[in-house]
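Visitor:
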Amino acid sequence: MTDKTPAPRKAAAKKTAAQATAKPTAASAPKAASKAAPKAAAKAEPKPAAPSSTTPDFSVVVPVFDEGGAAPALAREIAGAFGDRNYEMVFVNDASRDDTLKRLTDLKAEIPQLRVLSHHKNSGQSRSIRTGIIAARAPIIVTMDGDGQNDPADAPRLAERLKAAPDTLAMVGGERVKRQDSAAKRYASKVGNGVRNWLLKDGATDTGCGLKAFRRDAFLRLPYFDHIHRYLPALMRREGYDIAFEPVNHRHRETGVSKYTNFGRLKASVSDLMGVMWLQSRSRLPGAVDEA
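Per our numbering, residue 23 is the first one in the sequence shown, and the count goes up by one each step.
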């Protein structure tokens, strides 16, 4: 049987079939691309970044040396005091000889905000504080002594005051009321604070209080030396910052022994005072700094 379809109709049918199966030409490509573009763009466009939850508002830095009896309870008290605030606590173990490191690391499962750093060599309180501050992630640092005599319940008040203040306020220091130390230690502290304030004019009456809140970037501008933690008010003022003070509670030491003696403090303070006085004499502040 022969195909009797007229030649023109056969040619048209072949042309239609060819157009249906052919790949898009250059002329038809823009139309195809324009239809596919919205989907492709939707896949390529990055999603807005979620708010960061990794940077805490406060970092509580606690230096500890042979404080296995006090450190775990202190960490739990800090966690209770800061509650649901966005914070971390950084305990710095200064090469303790007891079980301080183990007791703190065992506590990390209970307190997720807890970080534990450990020196290989005993380096002192100031170096431990600096180690913690360098590792800290928050813009506001809160320091506390590791013996438990500073009351963690006071720490959030100092931290929140600093957070709400203008950047010119760099530190809120604690001033211990009703000190729970021996009469000899209280007397030595009173004399030492008086002499230091007379020579340095830092306005601090209790610079030995370990509970302080200050701005991390302000601290890192200061010249570092051993025992710097006792001269933060004077050094902050030297950099042109304002400082303030808050009354805080003071408690009995429940475990361990003091790492300092009155004679040891006196011996160190003489050279430290001379050094800080020299630093003050060599300070030149530019006032405001503008970028042209």
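A virtual CB, placed ideally from N, CA and C, is assigned to each residue, including glycine.
1) Please go through the same chain and pick out, in chain order, the residues whose beta-carbon is closer than 6 angstroms to the beta-carbon of Ala34, but skip the five residues on each side of it.
2) Work out the CA separation of Gly216 and Ile265 for me, nearest whole Å.
3) Return the chain-ordered list of same chain residues with a C-beta closer than 8 angstroms to the C-beta of Lys57, the five sequence neighbours on each side being excluded.
4) For Asn172, which beta-bridge partners are listed by DSSP?
5) Taking C-alpha atoms, which residue in Val82, Arg260, Trp300, Arg218 lies nearest to Ala157?
6) Who are the near neighbours of Ala101 in its chain, counting only those whose CB is closer than 6 angstroms to its CB and skipping five residues on each side?
7) Report the residue from Thr229, Glu268, Arg125, Pro161 whose alpha carbon sits nearest the alpha carbon of Ile250.
8) Do you know whose CA, among Lys234, Leu126, Asp248, lies nearest Pro174's CA?
9) Going by DSSP, which residues form a beta bridge with Gly196?
10) Cβ of Gly90 within 9 angstroms of Cβ of Asp116?
11) Does the separation of the CB atoms of Ala93 and Leu139 fall below 9 angstroms?
12) On the three-state DSSP scale, how would you describe Lys223?
13) Do you know offhand how far Met299's Cα is from Tyr246's?
14) Using alpha carbons as the reference points, say which of Val270, Leu295, Tyr263, Ser291 lies closest to Gly309.
15) Considering just the uninterrupted stretch of the beta strand (DSSP E) at Ser140, what are its terminal residues?
16) Under the assumption that Arg137 contacts Val112 (Cβ atoms under 8 angstroms), give the Cβ distance between them as a whole number of angstroms.
17) Less than 9 angstroms between the C-beta atoms of Ala226 and Arg218, yes or no?
18) Apart from the five residues just before and just after Pro161, which ones in its own chain have a Cβ nearer than 6 angstroms to its Cβ?
19) From what residue to what residue does the alpha helix (DSSP H) around Ile151 run?
20) Can you give me the C-alpha to C-alpha distance between Leu129 and Leu184, rounded to a whole angstrom?
21) What span of residues does the beta strand (DSSP E) with Met111 cover, start to end?
22) In its own chain, which residues sit with a C-beta less than 7 angstroms from the C-beta of Glu276, not counting the 5 before and 5 after it?
23) Work out the CA separation of Asp79 and Arg315 for me, nearest whole Å.
24) How many angstroms separate the CA atom of Ser148 from the CA atom of Lys223?
25) DSSP three-state label for Ala310, please.
Guide: In brief:
1) In this prediction, Ala34 has a pLDDT of 46, which is less than 50 and means its spatial position is unreliable; what the coordinates show is noted afterwards. Answer for Ala34: no residue qualifies.
2) 18 angstroms
3) Residue placement at Lys57 cannot be trusted, given a pLDDT of 42 that sits under 50; the coordinates are not used to answer.
4) His272
5) Val82
6) Ile133
7) Thr229
8) Lys234
9) Glu268
10) no
11) no
12) coil
13) 15 angstroms
14) Tyr263
15) 136-140
16) 5 angstroms
17) yes
18) Arg238
19) 147-157
20) 29 angstroms
21) 109-115
22) Ala92, Gly170
23) Shown here, the chain extends from 23 to 314; a query on residue 315 therefore has no answer.
24) 22 angstroms
25) coil
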